[in-house]
Amino acid sequence: MGLDAGGVGVTREAISAAPVPARLDDWERRVLGDPNLLGDISFAVGGPFHVLYPPRVGRNIQGFHEAFAQAGIDGVVYYGKKANKSAAVVRACAEHGAGVDVSSVGELTAALAQGVRGAELMVTGPAKSDDLLWLATRHGALLAVDDLDELERLAALDDSTAPVRIMLRVLPAASASRFGMTEAELDRALAAFDGRASIRLEGFSFHLSGYDAVARAELAGDLIARCLHARTLGQPATTLSIGGGFGVDYVPAAAWAEFTEHVDRQWFHSGKSFESYYPYHFPAPGPAMLAAILDHDGLAQRLRDNAIRLAIEPGRALLAHAGFTAFRVQGSKIRHVDGAPYHLLTVDGTSLSLSEQWFDSEYLPDPLLWPTRPGSTTPTSVGAATCLDSDMLSWRRIPLPRAAVVGDLLIYPNTAGYQMDSNESAFHELPIPPKVLLHDAPGDRLRWTLDG
Ligand SMILES: *Cc1c(COP(=O)(O)O)cnc(C)c1O
């Protein structure tokens, strides 16, 4: 079935979204270029699947370590584990000298099981369960305390031989966040330590929304004085954690500008429109953003002068370019808008495996059609295999390089950070897609195993 427009209405170009081609890593090009690998995995799995390439996680960790080294400061990376549940990611942290930031007993035990040591764990989150506090304390983890009551509950545990290691999470001035402690609460917390050998204040932490390097640098700079004050009260106060929120550069600047400047509901199935999009183009991602923070107003020098170690908690940026998600096309219809035809696909999974679709927005890096075959550009929207009209993987009409047919794979790139599994459930009793790990093998080959 071709797409020869019968109508006299608008052109195929006018109803197609501007392309948003994703940046691809070498390993991804190798996978896409392999004539068999993806088809074999798809055949074995028999449904949608996620792919992870753990060496890329290792390189991302290394990038942050290098930014610390170049600034000449003592730094530590804690992976924000909620960004992906994969065991292999946590294993890569253990292998590359990164700790893990957890907020549930499940996350804590999963990290321990992959070789992350208790002392390499940071425990964050609002009022934590007694079980989590107890277990974290037993394993010597660093706890980011979010309120005074939590501090009381920690003090009451008091059954450990070593002091409980804590940081106090700070509510930034003028922030409306529900997390963190006000100035007055921080003062009361410090007063509560007086004479309590069972609690050891290692420093202060925060986590800001958004991706502003300057805001992070300035708040870190302000908190140096808090550390110095805590030291006068006999606490070590040697660590500042500036949280996560390091950007990822999904797509090049020009394509991003083209899309965002011209986006129009005429590009979308059923005339759908969205108020905002995640910033998929980010000029100074991950380690470059850390370098900018350390560079701002001499922050690195001030940390050095005051013997303060900087901790970061990247989630998304630690997973940049480390994974993608593959769906199999299982149906294809032709629909028309103003007389111009487009394809409406059904794939074998759901938008629960592409979380952005659940935040009243759209995941914009374009999916790739595999295998590559000749054909002509075909505007294509992508629906899920469920009975919800709203369950769409791509509302916009993506200009795919050819018409997709049943059995093709649609590869959504760069999904490891949050997209893959934060929202997944067995809706419709469809199986949750497995995670496939890729390994380098002799002869420039890639082999695969299942995660877990
Ligand atoms: C979610 C979270 C992170 C990770 O955030 P990213 O934006 O993925 O880097 C780090 N720290 C805390 C406290 C968080 O809640």
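When the letters of the sequence shown are read in order and numbered with our numbering, they come out as residues 1098 to 1549.
For every residue, glycine included, the Cβ atom is placed at its ideal position computed from N, Cα and C.
Three or more beta-carbon pairs under 8 Å between the region 1243-1254 and the region 1274-1294, yes or no?
yes
Taking a contact to mean a Cβ-Cβ separation below 8 Å, would you say G1446 touches V1503 in this structure?
no
From S1306 to R1470, what distance separates their C-alpha atoms?
42 Å
Who are the Cβ neighbours of M1489 in its own chain at under 6 Å, not counting the five residues just before and after it?
G1480
Contact belief for E1459 with Y1374 at Cβ below 8 Å, rounded distance in angstroms
7 Å
Simplified DSSP state of P1151, which is helix, strand or coil
helix
Flag F1456 as yes when its Cβ comes closer than 7 Å to any non-hydrogen atom of ligand 1, and as no otherwise.
Taking 7 Å as the cut-off, the C-beta of F1456 does not count as close to any heavy atom of ligand 1.
Hey, quick one: how far does the alpha helix (DSSP H) through P1384 stretch, first residue to last?
G1383 to D1392 is the span of the alpha helix (DSSP H), which, as asked, contains P1384.
Assign G1537 to one of three DSSP states: helix, strand, or coil.
According to the sequence provided, residue 1537 is Asp. The question's Gly does not apply to it. Strand.
With a CB to CB cut of under 6 Å and the five nearest residues on each side skipped, what residues in its chain are close to G1222?
S1200
Which residue comes first and which comes last in the beta strand (DSSP E) that contains E1299?
Unbroken beta strand (DSSP E) run through E1299: I1296 to S1302.
Given S1274, which residues of its chain have a CB within under 8 Å of its CB, disregarding the five upstream and five downstream residues?
In the same chain as S1274, and ignoring 5 residues on each side of it, the C-beta atoms closer than 8 Å to its own belong to L1268 and S1306, in chain order.
Would you check whether ligand 1 has a heavy atom nearer than 7 Å to the C-beta of A1180?
At least one heavy atom of ligand 1 is nearer than 7 Å to the Cβ of A1180, so yes.
Among all the DSSP beta bridges, which residues are the ones paired with G1177?
Beta-bridge pairing links G1177 to D1198.
Three CB pairs or more closer than 8 Å across the region 1316-1334 and the region 1350-1369:
no
Sequence-distant residues of the same chain with beta carbon closer than 6 Å to G1104, five excluded per side:
Only weak support exists for where G1104 lies, its pLDDT of 48 falling under 50; the coordinates are left without a value.
Compare the beta carbon distance of G1177 and P1411 with 8 Å and say whether it is the shorter of the two.
yes
By alpha-carbon positions, which one of R1293, G1300 and G1340 ends up nearest to D1309?
G1340
Let me check you understand the geometry: is the CB of P1223 closer than 7 Å to at least one non-hydrogen atom of ligand 3?
In terms of ligand content, the structure shown lacks ligand 3 and carries ligand 1 instead.
Taking just the CA atoms, how far does D1284 sit from W1124?
Spanning the alpha carbons of W1124 and D1284 requires a straight line of approximately 50 Å.
Looking at the structure shown, is S1398 part of a helix, part of a strand, or coil, going by DSSP?
The sequence shown places Gln at residue 1398, rather than the Ser named in the question. Three-state result, Q1398: helix.
To the nearest angstrom, report how far apart L1400 and G1300 are at their CA atoms.
13 Å
Short of 6 Å in beta carbon distance, which residues of its chain neighbour V1240, apart from the five on each side in sequence? Order them along the chain.
Reading the sequence as shown, one finds Leu at residue 1240 and not Val. V1220, A1233 and I1263.
Taking the alpha carbon of T1336 as the reference point, which residue from F1371, L1265 and T1258 has its own alpha carbon closest?
L1265
8 Å CB neighbourhood of A1501 in its chain, flanking five on each side removed:
V1426, S1429, H1440, L1442, L1466, T1475, T1477 and L1507
Inter-residue Cα distance where the pair is Y1150 and A1419:
Near 5 Å, if we compare the C-alpha coordinates of A1419 and Y1150.
Residues bridged to H1440 by DSSP?
For H1440, DSSP records a beta bridge to I1431 and T1477.
Once DSSP output is grouped into helix, strand and coil, what is the label at S1487?
coil
Mapping DSSP to helix, strand and coil, what is A1423?
In this structure, A1423 counts as strand in the three-state DSSP scheme.
Spatial neighbours of A1397 in its chain, beta-carbon cut-off 8 Å, leaving aside the 5 residues before and after:
Once the five neighbours on either side are set aside, the close Cβ partners of A1397 are A1168, G1169, I1170 and L1391.
C-beta atoms of L1416 and F1161 nearer than 8 Å:
no
As assigned by DSSP and simplified to three states, the class of A1408:
Strand.
Could you check the C-alpha separation between F1371 and F1165 for me, to the nearest Å?
38 Å
Please classify V1142: does DSSP put it in a helix, a strand, or coil?
helix
Close beta carbons around Q1516, own chain, < 8 Å, minus the five adjacent residues each side:
T1422, S1450, L1451, S1452, E1453, Y1460 and Y1509
DSSP on R1275, reduced to helix/strand/coil?
coil
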